[in-house]
Amino acid sequence: MLSRVANSIYWINRYIERAENYARFVGVNTSLALDTANIPDAMQWMPLVATTADEELFKELYGEPTQENVFNFLIFDDRNFNSVYSCVMNARENARTIRENISIEMWEHINGFYYLVRNAAKNRHNIFPSSREFLKEVVQGSQLLMGIEDSTISHTEGWHFGKLGRYIERADKTARILDVKYFLLLPSIEEVGSVLDMIQWSSVLKSVSAFMMYRRTYGQLFPQKIIEFLILDRYFPRSVYYCTVNAQHILKSILKSHRGSIKTPAMKKLAMLSSELYYTNVKEIIKFGMHEYIDRLQTIINEVNDNIHETFFAMKN
Amino acid sequence: MTFEDYDIEGFFDEMFTPDHQIKQGYVPFSEFVANLSIDDLVQKQHAAERSLMALGITFNVYNAEGGTERIMPLDIIPRIIEGREWDKLEEGLKQRITALNLFIDDVYNGQKVFTDGVVPKTLIESSKCFLKPCLGLQPPKGIWCHITGTDLIRDQHGIMRVLEDNLRCPSGVSYMLENREILKRTFPKALDDTQVRPINNYAISLREMLEYIADKPSPTIVVLTPGIYNSAYFEHAYLALQMGVELVQNSDLVVKNGHVYMRTTKGLKKVDVIYRRIDDTFLDPLTFNPESLLGVPGIFEVYKKGKVALANAPGTGVADDKVIYAYVPKIIKYYLGEEAIIPNVPTYLCENPEDMQYVLDNIADLVVKEANEAGGYGMLIGPKASAEEHEIFRKKIKANPRNYIAQPTIQLSRVPSLAGERIEGRHVDLRPYILYGKEIVITPGGLTRVALRKGSLVVNSSQGGGSKDTWVLY
């Protein structure tokens, strides 16, 4: 498979997964804001921008972190390279360059998805603030793409690179969303275990679609258990561990079809990371410092991405 | 609905005779349409447009407001050609391509056509499309023009004529193929009743032709595109998909150890045949335009040594020059000893002083074209232009006579077309697609382009043109 094509499939999936995460994240926060009317906008919405690591750009473009500003920045602003609109547009541009490599259904869906978001961006005044339906459509647009990929393209190299993109992006985003609790939501001692604290923790779960699955696994809401679930759970498809171990399996399948060693740098890092997550317990994470631990996870995930790029996409002659 | 109000307005009409009788080929179609209201037709038209949008069948327009992508408008009323007429056109096109291929080969090897005084040598040497580095070149199997899209027009007397030869990566074949798919949904019954020749083996024939010039079993074939900003990008991707080959950009290719390779996730892979959709002079910055960012450095050397096949061969454009065009009937006679089956449009070469004087005096009645331009650019339609524009072109011609030709304004034949909620005649041309491999294969029909603006004679998609499905009967 052409390196450029593999690169595009990988990024289509990363972009769409990112759009899904942003949409869910913003949607949950919108609903959370209704339960926490006494909290000022800045405290309610700035953490979202902080977790996306685009704070500087936001301040430059908007200044004030009002709900509407943050919403527009994360969802519709094409000057923000990571907004839902930019992600879907970039996914489509990538799909356009590899149309002959993907199924017609996949292309039609991405194309339709783009028009959905573009039209919404044009009519953003009608979308905001009752954005629930639209954000749900974005989430479903991403989920539908996964289903279409699984059922219409051969499960060979291209599909594997797509999956790899999905898992890498998702591991990163779950970690970041968990980290939102570190930014500003950090409660004062007397608020730990309060109603507000619990509402916020359940929002974190909902932001990664984990609320019901967590409930079924642990029942009551305990912050420690929530951290354990989102980082270490063996079976939940958005936990960091699940994503890294599956990324590792996928990478192994890709390398199997190649001649030469399977000890590429990306493989080594993924294998070491998933093995670490397998044997780590949540107490150790908290002792290390959750924010610091998440920072470390993100650094490794970024390095894995860079290694994948060097090995498969940007081959030297 | 019936066509009672339809007025041919004195033009040659593809569907109606001058006394308003429906021509034989259109009878089943008109019977089918008789059961529909104009609203039904308009709805079908909208459904067709939605399908095009959903399929992403678009072309790019440079510097256009409101996004760079547009759909190529498709008018759902088909253009129908009788089988007997088509068979003769096919014969004529084969004759023309055979002769042009011999001509190109001669230009770069031997140049007998000049020494025998058929075509003046100076014309070739002054042609922008004549490529010196191609002298002595022997393309695989002696074929230069593998893919051609000859433009045909029908004049006011009903005579089909060649307007242009288009030997340089002609586009539009994907629209031809998709138009048929859309019309299968729009008029399934009429299509069935009319008994239309199929066109869907084009991609198979194209692949067979490319394999033929590789001269090895299971060659690696690629389509080379300038990228997504090219107006025909959709077509490049479409053809690669239909043939089951990789679509590559220049950055995917690299020349190494005397071969062309593509970069894959498993390392470099050798490429045997390239259907290139970039212009000759952009192909290789080392041989041609050093500023080209679209090309692959060193590819021309590999090609010259026969280690990779290119379709079409570089240098082919020399036979596409509009001045050479005027000589094609002589070229056919010279190489094949036959009269041209499909006539040219009468052409004045401003290079000849007598012709130039005629053109300057009669510019208001003529169409003036630049010798090397395509796509309807660099052209003057005398009867539609202002006196100032006439004057500008007179100056241009006098400054560089070699670069201009002129032809009488031909009133292209018309086909009924949807104009809002009415049916009116619109002017059309026809671009059949010709593949030259082991044998010459021509897809029945081709792309009928239609000037959708009332009264317009310009069918180019960049200038308000659309297309129609073309039905060739048995």
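The listed protein sequences correspond, in order, to chains A and B. The first sequence begins at 911 in this note's numbering and counts up by one. The second sequence begins at 10 in this note's numbering and counts up by one. Note that CB positions come from ideal geometry on N, CA and C, so glycine has one too. Just so it is clear, the structure is predicted and the values come from calculations on it, not from any experiment.
Rounded separation between residue i and residue j - CA only
| i | j | result |
| --- | --- | --- |
| ILE922(A) | ARG1126(A) | 33 Å |
| PRO299(B) | ARG177(B) | 20 Å |
| HIS2(B) | TYR1024(A) | With chain B covering 10 to 483 only, the question about residue 2(B) has no answer from this structure. |
| ILE1058(A) | THR1154(A) | 23 Å |
| PHE112(B) | LYS150(B) | 15 Å |
| GLY119(B) | PHE139(B) | 15 Å |
| SER1113(A) | SER1040(A) | 19 Å |
| MET252(B) | ILE1012(A) | 14 Å |
| ASP22(B) | PRO425(B) | 8 Å |
| VAL1049(A) | ALA933(A) | 6 Å |
| ASN72(B) | GLU430(B) | Here ASN72(B) scores only 47 on pLDDT, less than 50, and its place in the model is too uncertain to base an answer on. |
| TYR1189(A) | PHE983(A) | 39 Å |
| ASN353(B) | ARG170(B) | 5 Å |
| MET1177(A) | TYR312(B) | 40 Å |
| GLN1110(A) | VAL1214(A) | 31 Å |
| GLU74(B) | LEU439(B) | With a pLDDT of only 44 at GLU74(B), under the threshold of 50, the placement of this residue in the model should not be trusted, and no figure is reported. |
| ASN979(A) | THR457(B) | 51 Å |
| ARG1006(A) | ALA349(B) | 43 Å |
| LYS121(B) | PHE20(B) | 43 Å |
| MET1182(A) | GLY326(B) | 59 Å |
| GLY1129(A) | ILE949(A) | 28 Å |
| GLY475(B) | ASP364(B) | 34 Å |
| ILE249(B) | ALA373(B) | One point to set straight first is that residue 249(B) is Ala, not Ile, in the sequence displayed. Between ALA249(B) and ALA373(B), the C-alpha separation is close to 45 Å. |
| GLN147(B) | GLY391(B) | 42 Å |
| SER260(B) | SER470(B) | 29 Å |
Reference residue i; option with closest CA among the options
| i | options | result |
| --- | --- | --- |
| GLY937(A) | LEU1045(A), ALA960(A) and ASP945(A) | LEU1045(A) |
| PRO129(B) | GLY34(B), PRO149(B) and TYR334(B) | TYR334(B) |
| SER136(B) | ILE432(B), ALA328(B) and GLY434(B) | ALA328(B) |
| GLU100(B) | TYR312(B), ILE191(B), ASP293(B) and GLU347(B) | GLU347(B) |
| HIS1035(A) | ILE985(A), LEU942(A), VAL1214(A) and GLU1047(A) | ILE985(A) |
| ILE1160(A) | LEU1180(A), ASP1143(A), TYR1145(A) and PRO1175(A) | LEU1180(A) |
| CYS143(B) | VAL232(B), GLY324(B), ALA396(B) and LYS279(B) | GLY324(B) |
| ILE1008(A) | LYS1135(A), HIS1065(A), ASN990(A) and ILE919(A) | ILE919(A) |
| TYR336(B) | VAL51(B), ILE85(B) and ILE133(B) | ILE133(B) |
| LYS225(B) | GLY315(B), LEU109(B) and LEU421(B) | GLY315(B) |
| PRO27(B) | ARG423(B), THR479(B), GLY464(B) and ARG458(B) | ARG423(B) |
| THR1062(A) | ALA963(A), GLU1018(A), GLU1220(A) and ALA1120(A) | GLU1018(A) |
| PHE1223(A) | ASN361(B), PRO294(B) and LYS275(B) | LYS275(B) |
| VAL468(B) | LEU421(B), ALA57(B) and ALA318(B) | LEU421(B) |
Simplified DSSP state of residue i, which is helix, strand or coil
| i | result |
| --- | --- |
| VAL36(B) | helix |
| HIS507(B) | Absent from the model: residue 507(B). The displayed extent of chain B is 10 to 483, so no value can be given. |
| ASP164(B) | coil |
| ASN72(B) | Note that ASN72(B) has pLDDT 47, beneath the 50 cutoff, so the model's placement of it is unreliable and the number below is only indicative. It is coil, neither helix nor strand. |
| GLU978(A) | helix |
| ASN361(B) | coil |
| VAL483(B) | A quick correction: the sequence has Tyr, not Val, at residue 483(B). Three-state result, TYR483(B): coil. |
| HIS436(B) | strand |
| GLN52(B) | helix |
| TYR932(A) | helix |
| PHE1222(A) | helix |
| LYS1179(A) | helix |
| ILE1109(A) | helix |
| TYR413(B) | strand |
| PRO179(B) | coil |
| GLY1022(A) | helix |
Residue ranges of each alpha helix (DSSP H) within the region 270-347 of chain B, 4 or longer: Listed in chain order, the complete alpha helix (DSSP H) runs (minimum 4 residues) inside the region 270-347 of chain B are 308-313 and 331-345.
Every unbroken alpha helix (DSSP H) within the region 1123-1147 of chain A, with a cutoff of 4 residues, ordered by chain: If we require 4 residues or more, the alpha helix (DSSP H) runs fully inside the region 1123-1147 of chain A come out as 1133-1142.
Positions along the region 266-287 of chain B whose CB lies within less than 8 Å of some CB in chain A: For the region 266-287 of chain B, the set of positions with a beta-carbon nearer than 8 Å to some beta-carbon of chain A reads MET271, ARG272, THR273, THR274, LYS275, GLY276 and LEU277 in chain order.
Going residue by residue through the region 1024-1103 of chain A, where are the continuous alpha helix (DSSP H) segments of at least 4 residues, counting only ones entirely within it? Whole alpha helix (DSSP H) segments, 4+ residues: 1034-1037, 1042-1062 and 1067-1089.
Residues of the region 1150-1177 of chain A in Cβ contact with chain B at a cutoff of 7 Å, in chain order, please. Residues of the region 1150-1177 of chain A with a C-beta less than 7 Å from any C-beta of chain B: HIS1168, listed in chain order.
What residues in the region 1049-1067 of chain A have a beta carbon less than 8 Å from any beta carbon of chain B? Correct list: GLU1067.
Which residues, in chain order, does the region 1129-1140 of chain A contribute to contact with chain B at a C-beta distance below 7 Å? So the list is empty, because no residue satisfies the distance condition.
Return the residues of the region 996-1007 of chain A that lie within a Cβ-Cβ distance of less than 8 Å from chain B, sorted by chain order. Against chain B - using a Cβ distance shorter than 8 Å - the residues of the region 996-1007 of chain A are GLU1003, ARG1006 and THR1007.
Report the residues of the region 226-237 of chain B with a CB closer than 7 Å to any CB of chain C, ordered along the chain. You won't find chain C in this structure, because its protein chains are A and B.
Relative to chain B, which residues along the region 1110-1122 of chain A have a C-beta separation below 8 Å, given in chain order? Those residues of the region 1110-1122 of chain A placed with their C-beta closer than 8 Å to a C-beta in chain B do not exist.
Please go through the region 381-408 of chain B and give each complete alpha helix (DSSP H) segment of 4 or more residues, from N-terminal end onward. Counting only runs of 4 or more, we get 396-408.
Anything in the region 297-317 of chain B with a Cβ closer than 9 Å to a Cβ of chain A? List those residues in chain order, please. Listed by position, the residues of the region 297-317 of chain B near chain A (Cβ gap below 9 Å) amount to none.
Which residues, in order along the region 197-218 of chain B, keep a beta-carbon less than 9 Å from a beta-carbon of chain A? For the region 197-218 of chain B, the beta-carbon criterion of a distance under 9 Å to any beta-carbon of chain A is satisfied by none of its residues.
Short-range partners of chain A found in the region 237-257 of chain B, where Cβ spacing is below 7 Å: Of all residues in the region 237-257 of chain B, those with a C-beta nearer than 7 Å to a C-beta of chain A are ILE237, ALA246, ALA249, LEU250, GLU255, LEU256 and VAL257, reading in chain order.
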